[in-house]
Amino acid sequence: MAEVILRHIAKAYDKGTNVIKDVNIDIKDREFVVLVGPSGCGKSTLLRMIAGLEEITDGDLLLDGQRINDLPPKDRDIAMVFQNYALYPHMTVYDNMAFGLKLRNMPKDEIRKRVMQAAKILDIENLIDRKPKDMSGGQRQRVAIGRAIVRNPKVFLFDEPLSNLDAKLRGQTRIELQKLHRELLTTMIYVTHDQIEAMTLGDRIVVLRSGDVMQFDTPLKLYNQP
Ligand code: ADP
Ligand code: ADP
94 MAEVILRHIA KAYDKGTNVI KDVNIDIKDR EFVVLVGPSG CGKSTLLRMI
144 AGLEEITDGD LLLDGQRIND LPPKDRDIAM VFQNYALYPH MTVYDNMAFG
194 LKLRNMPKDE IRKRVMQAAK ILDIENLIDR KPKDMSGGQR QRVAIGRAIV
244 RNPKVFLFDE PLSNLDAKLR GQTRIELQKL HRELLTTMIY VTHDQIEAMT
294 LGDRIVVLRS GDVMQFDTPL KLYNQP
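For what it's worth, the working numbering labels the leading residue of the sequence shown as 94, then goes sequentially.
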């Protein structure tokens with residue numbers, strides 16, 4: 094189970110100015126929800142609050158009914174994939190993927206099992222000893238996704254994961270993300286400003302504007318309005 098509920102969520106970086114106003118979103122178990130909206134509307138802020146990277150000013154964030162506002166990121170069953178991949182340049186692919194698990198003191202055998210399993214899913218087993226600087230953008234993106242997969246999270250967060258890839262690779266990776274969602278059977282929350290990504294990936298789409306939810310509906314209903 095991985096049901097995410099945002100209840101009256103607000104965020105102010107500076108006192109008195111709410112960049113997220115009063116957001117209410119119910120995300121179902123295994124749902125793929127896409128967040129869209131113009132630059133600066135608060136997509137990243139919302140995602141970072143769910144990840145625990147940004148403090149929630151007001152409201153409740155619930156994961157399977159439990160309030161997790163105050164849990165540190167590493168204790169949330171939530172993993173985030175960043176736009177710029179955020180890999181450690183001096184570490185190999187293996188170590189990049191293993192790092193978070195080592196921090197959690199997981200036994201070496203279990204770490205190895207998880208890393209190799211993720212590498213297999215992403216088809217990067219042959220890159221396991223490489224360093225990020227010796228890899229293409231698409232390969233780095235896979236490692237970034239792998240680092241999320243090894244945590245075995247209930248929820249995946251993606252912040253514009255395809256925006257640094259060229260058009261062809263973006264299309265391929267999009268299809269692979271769809272496959273991944275079916276294989277892993279997890280809840281995914283995905284930020285993009287690409288309408289095609291939103292329509293093809295989203296079970297439902299949240300349209301944000303200036304920190305407010307304008308619409309929350311299926312792609313069919315959103316884009317076929319009279
Ligand atoms: P989006 O991801 O939709 O482009 P963001 O969540 O990055 O939007 O930003 C929403 C608003 O919050 C913008 O007005 C942005 O300038 C502001 N903002 C984002 N991060 C910070 C921060 N660390 N401090 C102050 N303001 C911020
Ligand atoms: P995005 O491409 O997701 O919209 P930005 O380029 O707007 O991200 O922001 C990059 C980083 O700078 C983020 O960590 C964001 O929180 C921070 N940031 C954005 N706007 C502001 C701001 N007005 N003041 C301080 N930090 C900000």
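Backbone N, C-alpha and C define an ideal beta-carbon position, used for all residues, glycine too. Quantities reported herein were computed from a predicted structural model and do not represent experimental measurements.
* For Arg-176, name the three-state secondary structure that DSSP assigns. => Checking the sequence shown, residue 176 turns out to be Gln, not Arg. Note: Gln-176 maps to coil in three-state DSSP.
* Sequence-distant residues of its chain with Cβ nearer than 7 Å to Gln-89 (five each side left out) -> Only positions 94 to 319 of the chain appear in the structure, and residue 89 is not among them; the question remains open.
* Run the proximity test for Tyr-365: is its beta-carbon closer than 6 Å to any non-hydrogen atom belonging to ligand 1? => Missing from the structure shown is residue 365; the chain here goes from 94 to 319 and no further.
* Within this structure, are the beta carbons of Gly-152 and Ala-103 separated by less than 7 Å? -> yes
* Asked: Ordered along the chain, which non-local residues of its own chain (more than five positions away) have a Cβ less than 8 Å from that of Pro-131?
  -> Excluding residues within five positions, the ones whose Cβ falls inside 8 Å are His-286, Arg-302.
* Is the closest heavy atom of ligand 1 to the C-beta of Lys-136 under 6 Å? -> yes
* Asked: Do you know how far the Cα of Met-307 is from the Cα of His-183?
  -> 43 Å
* To do: Give me whichever residues DSSP pairs with Gln-159 in a beta bridge.
  => Answer by DSSP bridge pairing, in chain order: Leu-156.
* In chain order, each alpha helix (DSSP H) run of at least 4 residues that lies wholly inside the region 166-242 -> 186-196, 201-214, 230-242
* To do: Check His-286 in the structure and name its three-state DSSP category.
  => coil
* Residue environment, Ala-260, which counts as buried when at least 16 other CB atoms sit within 10 Å -> exposed
* **Ser-303 Cβ short of 6 Å to ligand 1 heavy atom set** => no
* Could you check the C-alpha separation between Gln-176 and Met-94 for me, to the nearest Å? => 27 Å
* To do: Leaving out five residues on either side along the sequence, give the residues of the same chain with a beta carbon under 7 Å from the beta carbon of Lys-226.
  => Pro-182
* Asked: Grouping DSSP H, G and I as helix and E and B as strand, with all else coil, what is Ala-291?
  -> helix
* Asked: Can you find a heavy atom of ligand 1 that lies under 6 Å from the Cβ of Ser-132?
  -> yes
* Beta-carbon spacing of Leu-258, Gly-230 below 7 Å -> yes
* To do: Out of Arg-223, Ile-171, Thr-110, Asn-111, point me to the one whose CA is closest to Leu-180's CA.
  => Arg-223
* In whole angstroms, what separates the C-alpha of Leu-250 from that of Leu-315? -> 22 Å
* **For Arg-244, three-class secondary structure by DSSP** => coil
* To do: Apply the 10 Å Cβ neighbour rule to Thr-266 and answer buried if 16 or more other Cβ atoms are within range, or exposed otherwise.
  => buried
* Distance cut-off 6 Å: Val-112 Cβ against heavy atoms of ligand 1 -> yes
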